[in-house]
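Peer 1:
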Amino acid sequence: MPLNQPDYPNDKTELTPQGYITAHLAWWEFDPHTQAAVWSPECRKLFGLRSDRPITYADWVGAIHPDDFKRADEATAEALEKTGVYDEEYRVIGIDDGMLRWVRSSGKVVYDEAGKPVKVVGFMLETTQGRLASAISEASDHRLKVLADTLPQLVWVTLPDGYHDFYNRRWFEYTGRTYSQTKGEGWNAVLHPDDQTRAMHIWQHSLQTGEAYEIEYRLRRYDGVYRWFLGRALPLRDQDGQISKWFGTCTDIHDQKLVNEELREAQERFDLISKATRDAIWDWDLTTNEIWWNEGFRKLFGYEEEDIEPTIESWTNRVHPEDKDRVVSSIHRVIDIGGKNWSDEYRFRRKDGTYAFVLDRGYALHDETGKPYRMLGSMQDVSAQKQIEMTLSESEKRFRSLTLNSPDLITRHGRDFRYLYASPVIEQLTGMKPEALIGKSYYEVNIPEHLCSLFDEHLRQVFETRKPHHLEYSAATDREVFLNSRLVPEFDAAGEIESVLVISTDVTEQRKAEASLKESEERFRTLSNSISQLAWMADADGWIFWYNDRWYDYTGTTLEQMKGWGWQTVHHPDHLERVLSFIREAWQKGEPWELTFPLRSRHGHYRWFLTKVFPLKNGEGKVTRWIGSNTDITEQKQAEEILEQRVRERTLELERRNKELEQFTYVSHHDLQEPIRKIQVFSDMIRADSYERLNDSSKRILDKIANSAKRMSLALKDVLDYASLEKPEEIRPVDLNEVLADVRADLELVISEKQAVIQTDRLPTLQAIPQQMHQLFYNLINNSLKFAKPDLPPVVDIRCARLSGPDLTIWPELDQSRAYYRLDLQDNGIGIDPDQSHRIFSLFQRLHSREAYPGTGIGLSLCKKVVENHRGTIWAEGRKGEGATIRLLLPVE
1268 MPLNQPDYPN DKTELTPQGY ITAHLAWWEF DPHTQAAVWS PECRKLFGLR SDRPITYADW
1328 VGAIHPDDFK RADEATAEAL EKTGVYDEEY RVIGIDDGML RWVRSSGKVV YDEAGKPVKV
1388 VGFMLETTQG RLASAISEAS DHRLKVLADT LPQLVWVTLP DGYHDFYNRR WFEYTGRTYS
1448 QTKGEGWNAV LHPDDQTRAM HIWQHSLQTG EAYEIEYRLR RYDGVYRWFL GRALPLRDQD
1508 GQISKWFGTC TDIHDQKLVN EELREAQERF DLISKATRDA IWDWDLTTNE IWWNEGFRKL
1568 FGYEEEDIEP TIESWTNRVH PEDKDRVVSS IHRVIDIGGK NWSDEYRFRR KDGTYAFVLD
1628 RGYALHDETG KPYRMLGSMQ DVSAQKQIEM TLSESEKRFR SLTLNSPDLI TRHGRDFRYL
1688 YASPVIEQLT GMKPEALIGK SYYEVNIPEH LCSLFDEHLR QVFETRKPHH LEYSAATDRE
1748 VFLNSRLVPE FDAAGEIESV LVISTDVTEQ RKAEASLKES EERFRTLSNS ISQLAWMADA
1808 DGWIFWYNDR WYDYTGTTLE QMKGWGWQTV HHPDHLERVL SFIREAWQKG EPWELTFPLR
1868 SRHGHYRWFL TKVFPLKNGE GKVTRWIGSN TDITEQKQAE EILEQRVRER TLELERRNKE
1928 LEQFTYVSHH DLQEPIRKIQ VFSDMIRADS YERLNDSSKR ILDKIANSAK RMSLALKDVL
1988 DYASLEKPEE IRPVDLNEVL ADVRADLELV ISEKQAVIQT DRLPTLQAIP QQMHQLFYNL
2048 INNSLKFAKP DLPPVVDIRC ARLSGPDLTI WPELDQSRAY YRLDLQDNGI GIDPDQSHRI
2108 FSLFQRLHSR EAYPGTGIGL SLCKKVVENH RGTIWAEGRK GEGATIRLLL PVE
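In this note's numbering, the protein residues as written are 1268 to 2160.
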């Protein structure tokens, strides 16, 4: 079959040959100097290789059909010596599965700078089906039947419309069905019910488009067992390009599927073991010198995650100085000689500085060239055992024998069931050396007779069924031991069982753990039935499968009535929809939750309950179970309702009194201001008419009357302003620059008299009450002008900055999610005693006499009230004689 030479793109994953549409693409590399070969997983499948062992050129050519070997080998030599290109089609016989396949192998030689070949890279395509299709298109019906019956696959042929009119002998042997049962569309009935619709849909698509058919599905064997197959079909076309037939095959891939599943399960087991074990598991990348530790490392030695460096130094730097050189040398010696297993005992530093005795084991992984690239291992804290070893030498021997040998018992048995091999652990069970067992049967060693019969029966089943078997049993030594054994058949080159490998694992601790778990669950149920709360358990989806006795005592129901979602029948109808809506969302979140609702008692009365629910999660963080409790809070609920009613009543009363107080304030202000105004008027009349005729004593008395009346009037005004801050007012955008301009105008005379200077940043616009912003800035600036030094013109400096997030953490009383403006008003006045800075914002508090600095003691209190009304804060800083700074924070919105 002539094939064109393909192009070679840079990336092997881009190879897309234009023929044999259903073939699987596989890439390979070959080193002509070391004879080492690298195969992709798909390439290994083409050569029927099930293991992951390294491959050499000898393995490669050894799998080529004898009739094709010479041609393929000569093509390789010609590519290396002359052409630089390799393209050959030949047959291969599966290394492990023995299946015959046609493959096309194409490659290109890669040269170094000196022009010498360093490697050959290429790809392979399986052309078996194309070869068969070509042969069938040229064959007569009789030759077709003969050819198809020689193939190991199930073979079928259909008409152009997909009507199945031919099956080979392997089809009928496997399915156990007749031609009349499977002709036409009858083949679909052999498929697993879950695969039928999908298979028919893909088949119809191929019939409609003429595209090749390929699918994985399960086919029922004559005995009812389903196995996985790879189904493929190609259209055969006539001279006009019209489809004349469809040729299809079904290849058994069941064992390959099982291998893949075993690999996945092995990875899962490793992940679970690394989380569940108390040992420290480590994974050392020899190419990068990085190392990974499991959670057990931190638990075992007390370290936090941030304490552990990701490099190998996290291990070597913690090995005891007296042990370090020996241990590091021993592990590198194993790596350097290409060894696989390493173990050593040494002292390892805990976080608290003490040292633990550890038993460390490692296993090195090697690439196809034999170079080590990774090492896996585990550290076990054997400090307690070491202490015993120091006091009891006999115990030390038993301990070292236990820790330095594999915990698994491995034996191999021939067709006569006699020992072909036994690992050292056998001595612990039988008292015999492993070498002394070779050639003996179970009955000839120190094994109880009932176990001998059991082993014989299972070995016989493996040889008869050709399938692995499992066995678990108890072996009595100086302690009770439970062993789980896997009996695996080993086949020779002819496909016959030549021996059975038995791998026995000590599962004693697992069985004890299961017993402890069962006991723990029993204790849990006993405890749950003794508490006063109603308790229950549900699966991950919220299906309740257990209630404690208190639930049944209260509701008068049974598990049959309550399991699943039956609990809805004892919920109050007015609250059921709320409860259902809440818990559906809570199940999805997978977090603890609480909810209150009324439940009906067996007597028909409803009482309020608080339910608290907690999830139980597996090592992957997935919820596996929910545990909930319901606590009767009826009396608490009633007390809360009474308290809420009292709060509402007292709030209304407080609002009424505040309104009365507000009316009283305004009335009092008017009634008090009127006589003060009259005092001021009469004082002014006396001053204008008779002041010069008064003696000095009378003048002083009149001045005091006028000043007192003025202070009283100002005090009443300030009190009214302070009281008015409680009135609700509209909040709208306020430009502080405009506010400051208005205040300058109000204080224009004072500013001019004192030759004051007011300096300011550009101020923001914020959401505020306009009148209160005016009162705030008026009192702050007026205060700075009032307390100026006598011989120094006052300077007021106003600065502004925006704060948010981390800037606000020192003010926990503020809303940390909002942004604020910080305003600083700094003056050069007389300053303030730092110990007294908190007093200046108190109502009627004065730090100086009225004679020295007039005022009512209300201005800064009013400022504080305005800032607090706007959800801000205000404080003062300064020193005597060095000026003062008033700082305030106001929200942006």
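Beta carbons are placed, not taken as given, at the ideal position from N, Cα and C, and that holds for glycine. Keep in mind the model is a prediction, meaning the values are calculated, not measured.
Can the beta-carbon of A2035 be found less than 8 Å from the beta-carbon of S1896?
Peer 2: For A2035 and S1896, no; Cβs fall outside 8 Å.
Peer 1: Evaluate R1437 with the Cβ neighbour count: other Cβ atoms within 10 Å of its Cβ, from every protein chain shown; 16 or more gives buried, anything less gives exposed.
Peer 2: With 16 or more Cβ atoms within 10 Å of its Cβ, R1437 is classed as buried.
Peer 1: If the criterion is Cβ atoms closer than 8 Å, does the pair L2047 and P2061 meet it?
Peer 2: Not closer than 8 Å, so no.
Peer 1: Under 8 Å by Cβ, that's how I've got L2092 and T2152 pegged, so tell me the actual separation to the nearest angstrom.
Peer 2: Indeed, because the Cβ distance is near 7 Å, the residues count as touching under 8 Å.
Peer 1: By Cβ distance, which residues of its chain are closer than 7 Å to D1546, with the 5 residues on each side in sequence left out?
Peer 2: Within the same chain, D1546 has close Cβ partners G1563, S1645, M1646, Q1647.
Peer 1: Please work out which residues of its chain come closer than 8 Å, Cβ to Cβ, to D1808, disregarding the five sequence neighbours upstream and downstream, and give them in chain order.
Peer 2: Cβ within range, chain order: W1854.
Peer 1: Could you name the residues that DSSP lists as bridge partners for K1879?
Peer 2: K1879 pairs with E1861, S1896.
Peer 1: Need the endpoints of the alpha helix (DSSP H) that N2049 sits in, please.
Peer 2: Looking at the DSSP string, the run of the alpha helix (DSSP H) that includes N2049 is 2037 to 2053.
Peer 1: I'd like to confirm the pairing. Which residues does DSSP put opposite S2019 in its beta bridges?
Peer 2: According to DSSP, which records beta bridges pairwise, S2019 is partnered with nothing at all.
Peer 1: Report the option in A1500, Y1493, T1449, Q1448 whose CA atom is closest to the CA atom of D1469.
Peer 2: According to the sequence provided, residue 1469 is Ile. The question's Asp does not apply to it. Checking every option, the nearest Cα to that of I1469 belongs to A1500.
Peer 1: Classify Q1475: buried if its beta carbon has 16 or more other beta carbons within 10 angstroms, exposed otherwise.
Peer 2: The residue in question, Q1475, is exposed, as its Cβ has fewer than 16 Cβ neighbours within 10 Å.
Peer 1: Secondary structure at I2141, three-state DSSP: helix, strand or coil?
Peer 2: Reduced to three states, the DSSP call for I2141 is strand.
Peer 1: Using beta-carbon positions only, say whether A1344 and Y1357 come within less than 8 Å of one another.
Peer 2: Not in contact: A1344 and Y1357 (Cβ atoms no closer than 8 Å).
Peer 1: Enumerated in chain order, which unbroken segments of the beta strand (DSSP E) with a length of 3 residues or greater are wholly contained in the segment 1758 to 1835?
Peer 2: DSSP runs (the beta strand (DSSP E)) wholly in the segment 1758 to 1835: 1764 to 1773, 1801 to 1806, 1811 to 1814.
Peer 1: Y1686 and I1714 - do their beta-carbons sit closer together than 8 Å?
Peer 2: The answer is no: Cβ separation not under 8 Å.
Peer 1: For P1333, name the three-state secondary structure that DSSP assigns.
Peer 2: Helix at P1333.
Peer 1: Quick check: the Cα distance between Y1570 and T1621, rounded to an integer number of angstroms?
Peer 2: The alpha-carbon atoms of Y1570 and T1621 are separated by roughly 12 Å.
Peer 1: Does DSSP classify S1662 as helix, strand or coil?
Peer 2: Per-residue confidence for S1662 stands at a pLDDT of 40, beneath the threshold of 50, marking its modelled position as unreliable; the derived number appears in the next sentence. Reduced to three states, the DSSP call for S1662 is helix.
Peer 1: Sort D1603, K1653, S1610 by Cα distance to H1633 and report the nearest one.
Peer 2: For H1633, the nearest C-alpha among the options comes from D1603.
Peer 1: Using C-beta distances below 6 Å, list every residue in its chain close to I2141, excluding the 5 sequence neighbours before and after it, in chain order.
Peer 2: The residues are K2131, V2134, L2155.
Peer 1: Enumerate in chain order the residues of its own chain whose CB-to-CB distance from H1332 is below 7 Å, with the five nearest sequence positions on each side excluded.
Peer 2: These residues qualify, in order along the chain: Y1357, R1358, V1359, I1360.
Peer 1: Note the first and the last residue of the continuous alpha helix (DSSP H) segment covering F1514.
Peer 2: Careful: F1514 lies outside any alpha helix (DSSP H), inside the beta strand (DSSP E) at 1510 to 1519.
Peer 1: Measure the alpha-carbon distance for T1426 versus K1734 and round it to whole angstroms.
Peer 2: One detail in the question is off: residue 1426 reads as Leu in this sequence, not Thr. When rounded, the distance between both Cα atoms is 39 Å.
Peer 1: Going by DSSP, what residues sit across from I1360 in a beta bridge?
Peer 2: I1360 pairs with L1367.
Peer 1: Any idea what DSSP makes of Q2034, helix, strand or coil?
Peer 2: Q2034 falls in the strand class under three-state DSSP.
Peer 1: Work out the CA separation of T1678 and I1770 for me, nearest whole Å.
Peer 2: Straight-line Cα distance between these residues: approximately 7 Å.
Peer 1: Return the first residue and the last residue of the beta strand (DSSP E) that W1470 is part of.
Peer 2: Taken as a continuous stretch (DSSP letters only), W1470 belongs to no beta strand (DSSP E), being part of the alpha helix (DSSP H) at 1460 to 1476.
Peer 1: When you compare only the Cα positions, how much space is there between R1954 and L1969?
Peer 2: The straight-line gap from Cα to Cα measures roughly 8 Å.
Peer 1: Can you tell me the Cα-Cα spacing of Y1441 and K1349, whole angstroms?
Peer 2: Cα to Cα, Y1441 sits roughly 50 Å from K1349.
Peer 1: Return the CA-CA distance between I2167 and F1684, expressed in angstroms with no decimal places.
Peer 2: Because the chain here runs from 1268 to 2160, residue 2167 falls outside it and cannot be looked at.
Peer 1: In the DSSP assignment, what are the bridge partners of W1739?
Peer 2: At residue 1739 the sequence reads Glu, which differs from the Trp that was named. Looking at the DSSP assignment, E1739 forms a beta bridge with N1751.
Peer 1: Mapping the DSSP letters down to three states, classify Y1489 as helix, strand or coil.
Peer 2: It is coil, neither helix nor strand.
Peer 1: Relative to the C-alpha of Y2088, which candidate in C2067, G2096, I2097, R1487 has its C-alpha closest?
Peer 2: Taking only the C-alpha atoms, the option nearest Y2088 is C2067.
Peer 1: For W1560, count the other beta carbons within 10 Å of its own beta carbon; 16 or more makes it buried, fewer makes it exposed. Which is it?
Peer 2: By the 10 Å Cβ count, W1560 comes out buried.
Peer 1: Taking Cβ to Cβ, would you say G2145 is nearer than 8 Å to I2099?
Peer 2: Yes; because the gap between Cβ atoms is below 8 Å, this pair is in contact.
Peer 1: Terminal residues of the continuous alpha helix (DSSP H) containing Y1446?
Peer 2: That run of the alpha helix (DSSP H) goes 1446 to 1449.
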